[in-house]
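If you read the sequence shown in my numbering, its first letter stands for residue 7, the second for the next number, and so on. Every residue gets a Cβ at the ideal spot worked out from N, C-alpha and C, and that includes glycine. Down below is the structure, laid out as structure tokens.
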Amino acid sequence: MNLILFGAPGAGKGTQAKLISKNYGIPQISTGDMLREAVRLQTDLGKQAESIMAAGQLVPDHLMLRLIRERITKPDCANGLILDGFPRTIPQAEDLARLMNELNLPPFVCLEISVPEETIINRLSSRKTCSQCGADYNPAINPAPADMKCTVCGGRIVTRPDDNEETVKKRLEVFKRQTGPVKDYYAKNGNFYSVDGNKPVNEVYESIKKILDALFKS
């Protein structure tokens with residue numbers, strides 16, 4: 007079960023990824039986290055990435071693919087994984103498909119959590135975030151406690167500077183422009199599924215579970 011969760015910022019990908027990871031016993035792997043960890047540990051790849059980022063450049067695809075290769079061949083990925091933050095372009099999706107084929111691993115299934123743009127704007131404009139662990143709180147789904155202390159780590163809950171309507175709209179435009187072709191790529195290959203994310207968390211998860219069980223338990 008190799009999954010890519012797809013959806014706009016604020017669609018609820020993080021929440022659903024945690025539920026899938028817990029209930030199916032597969033790890034959630036963030037390319038951003040992998041990159042930061044490689045830099046922190048000063049691995050060969052980490053040093054290369056650090057110098058590139060220090061120069062204000064994007065880490066090239068071939069380095070990201072090497073990081074992904076190292077991570078997905080570890081024992082905890084034997085039954086699958088949830089990949090977060092990659093691919094963002096058609097060439098990345100094609101490179102990832104070649105990597106999976108080379109490693110004799112099942113191809114990725116792309117699962118979209120679809121939420122109307124107006125709902126996304128409302129969610130993100132009213133979102134609060136823990137300043138320490140990054141946990142999200144939203145009045146409609148998961149309200150912040152009255153004392154504004156994170157229920158996960160006890161950190162201070164704040165409003166992120168970029169969680170305002172104007173910035174959110176710009177982020178959504180960038181998302182649609184960058185990722186629309188990637189959606190089409192997976193749809194053409196028959197590996198694309200979509201669920202209605204404009205529902206309570208448990209209902210969204212049940213919709214996802216039905217798809218995953220039909221795909222991987224048949």
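Collapsing the DSSP output to three states places residue 163 in a strand.
In this structure residue 52 does not touch residue 120 by the C-beta definition: roughly 36 Å separates them, more than the 8 Å allowed.
Taking 8 Å as the cut-off, the beta carbon of residue 171 is found no closer than this to the beta carbon of residue 126. In this structure, DSSP gives residue 136 an extended state, which the three-state scheme calls strand. With 16 or more neighbouring CB atoms inside 10 Å of its own CB, residue 93 falls in the buried class. Per the DSSP secondary-structure output, residue 155 pairs in a beta bridge with 162. Taking 8 Å as the cut-off, the beta carbon of residue 116 is found closer than this to the beta carbon of residue 192. Secondary structure at residue 51: helix, using DSSP grouped into helix, strand and coil.
Per the Cβ contact rule, the stretch 164-183 is not in contact with the stretch 78-95 (fewer than 3 Cβ pairs under 8 Å). For residue 121, there is no enclosing alpha helix (DSSP H), since its DSSP letter is neither H nor E. If you check the CB distance, residue 132 and residue 145 come in under 8 Å.
Ranked by how close their Cα comes to the Cα of residue 165, the residues 147, 186, 141 and 108 have 141 in first place. Inter-segment contact for the stretch 76-91 and the stretch 31-40 is present: three or more beta-carbon pairs are separated by less than 8 Å.
Between residue 8 and residue 113 a beta carbon distance of about 7 Å is seen, short of the 8 Å cut, so the two are scored as contacting. The beta carbon of residue 136 is closer than 6 Å to those of 156, 161 and 163 in its chain, skipping five residues each way along the sequence.
The beta carbon of residue 217 is closer than 8 Å to those of 117, 199 and 201 in its chain, skipping five residues each way along the sequence. The alpha-carbon of residue 77 is positioned some 18 Å away from that of residue 24. Taking 8 Å as the upper bound for CB-CB distance, residue 109 and residue 79 are in contact here, some 7 Å apart. Linking residue 209 to residue 151 through their CA atoms gives a straight-line distance of about 23 Å.
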